[in-house]
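Numbering of the sequence shown is given in my numbering, commencing with residue 2 and proceeding in unit increments. Glycine included, every Cβ here is placed at the ideal spot set by N, Cα and C. The structure presented is a predicted model; accordingly, all values stated were derived computationally and were not measured. Only one structure is covered here, and it is reproduced in the block below.
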Amino acid sequence: MKVLILMGSPRIHGNTAELCKPFMQELEVNQVTVNYIELEKKTIQPCKACYACQDVAGEYGCVHMDDMYEIVDNILWADCIILATPIFSWYCSAKMKAVLDRHYGLNKYYGNCSGCLWEGKKVGIIATHGYEGAYATEPFELGVKRLCEHSNLQYIGLYSVQDEENLASFQTEEAMEGAREFARKVIELLKGKGKRDE
Ligand SMILES: Cc1cc2nc3c(=O)[nH]c(=O)nc-3n(C[C@H](O)[C@H](O)[C@H](O)COP(=O)(O)O)c2cc1C
Numbered sequence: 002m003k004v005l006i007l008m009g010s011p012r013i014h015g016n017t018a019e020l021c022k023p024f025m026q027e028l029e030v031n032q033v034t035v036n037y038i039e040l041e042k043k044t045i046q047p048c049k050a051c052y053a054c055q056d057v058a059g060e061y062g063c064v065h066m067d068d069m070y071e072i073v074d075n076i077l078w079a080d081c082i083i084l085a086t087p088i089f090s091w092y093c094s095a096k097m098k099a100v101l102d103r104h105y106g107l108n109k110y111y112g113n114c115s116g117c118l119w120e121g122k123k124v125g126i127i128a129t130h131g132y133e134g135a136y137a138t139e140p141f142e143l144g145v146k147r148l149c150e151h152s153n154l155q156y157i158g159l160y161s162v163q164d165e166e167n168l169a170s171f172q173t174e175e176a177m178e179g180a181r182e183f184a185r186k187v188i189e190l191l192k193g194k195g196k197r198d199e
């Protein structure tokens with residue numbers, strides 16, 4: 002079982018990273034191989050909507066030769082991709098948005114070739130946010146759900162914690178146990194058991 006965590010906060014030791022720690026530890030003690038990528042350290046150009054990737058069959062084919070190629074290799078390696086992000090302006094961080102836009106080369110829907118290179122992979126969300134629960138996370142979650150439907154991915158659900166006291170909010174036993182529980186849910190789903198969110 003292989004899980005890729007894309008950690009999208011510009012603060013690599015901030016709230017979102019803190020919440021990823023117990024999640025990742027629970028996966029690893031259960032023999033899941035985890036790759037953790039800090040997007041802040043990566044160069045990811047914004048999609049320039051040239052559609053060149055749409056005419057490259059069977060491979061990613063983006064004209065931007067940047068770190069998105071490494072991220073795509075990791076996406077193709079993983080059984081499950083976790084989008085870990087702070088909520089910024091009711092959506093995700095800018096780096097995470099750049100990654101999501103640059104998914105285009107994985108779906109050959111608009112050019113001379115066809116196919117979906119990441120079909121069937123599982124996708125989940127870990128989010129941290131200043132506002133309360135669903136009020137903060139719903140717009141981003143809805144966007145990811147739609148992207149999953151569009152890309153033949155399986156959306157598995159979201160775990161999020163509100164930032165009330167900076168790092169301390171994510172170090173409570175409740176926050177950490179929630180992250181471990183989400184990890185156990187991912188494992189069950191990867192084993193073909195458990196129920197994913199709709
Ligand atoms: C530019 C910016 C925009 C934000 N927008 C929102 C928002 O729309 N909704 C929300 O609930 N919190 C918002 N927040 C709060 C962050 O989501 C929250 O503090 C988060 O835990 C930060 O995580 P980090 O330390 O991993 O970056 C925003 C914070 C910043 C810096």
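Can you tell which of the options has the C-alpha that lies nearest to the C-alpha of residue i?
| i | options | result |
| --- | --- | --- |
| residue 45 | 15, 54, 177, 95 | 95 |
| residue 152 | 136, 101, 173 | 101 |
| residue 119 | 139, 61, 67 | 61 |
| residue 86 | 51, 131, 122 | 131 |
| residue 31 | 161, 2, 171, 167 | 2 |
| residue 26 | 6, 10, 12 | 6 |
| residue 11 | 79, 98, 50 | 98 |
| residue 147 | 135, 125, 185 | 125 |
Report yes if the C-beta distance between residue i and residue j is below 8 Å; otherwise report no.
| i | j | result |
| --- | --- | --- |
| residue 145 | residue 84 | yes |
| residue 133 | residue 163 | yes |
| residue 40 | residue 123 | no |
| residue 72 | residue 43 | yes |
Taking DSSP's pairing of strands, which residues face residue i in a bridge?
| i | result |
| --- | --- |
| residue 135 | DSSP output for residue 135 lists no bridge partner at all. |
| residue 116 | DSSP output for residue 116 lists no bridge partner at all. |
What's the C-alpha gap between residue i and residue j?
| i | j | result |
| --- | --- | --- |
| residue 28 | residue 68 | 26 Å |
| residue 90 | residue 137 | 9 Å |
| residue 195 | residue 15 | 31 Å |
| residue 127 | residue 21 | 8 Å |
| residue 93 | residue 17 | 12 Å |
| residue 160 | residue 75 | 22 Å |
| residue 110 | residue 117 | 8 Å |
| residue 70 | residue 174 | 37 Å |
| residue 154 | residue 121 | 5 Å |
Subject >> Sequence-ordered residues whose beta carbon comes within less than 5 Å of a heavy atom of ligand 1 >> reply: Spelled out in chain order, the answer is 10, 12, 15, 16, 17, 87, 88, 89, 90, 91, 129, 130, 131, 132, 137, 164.
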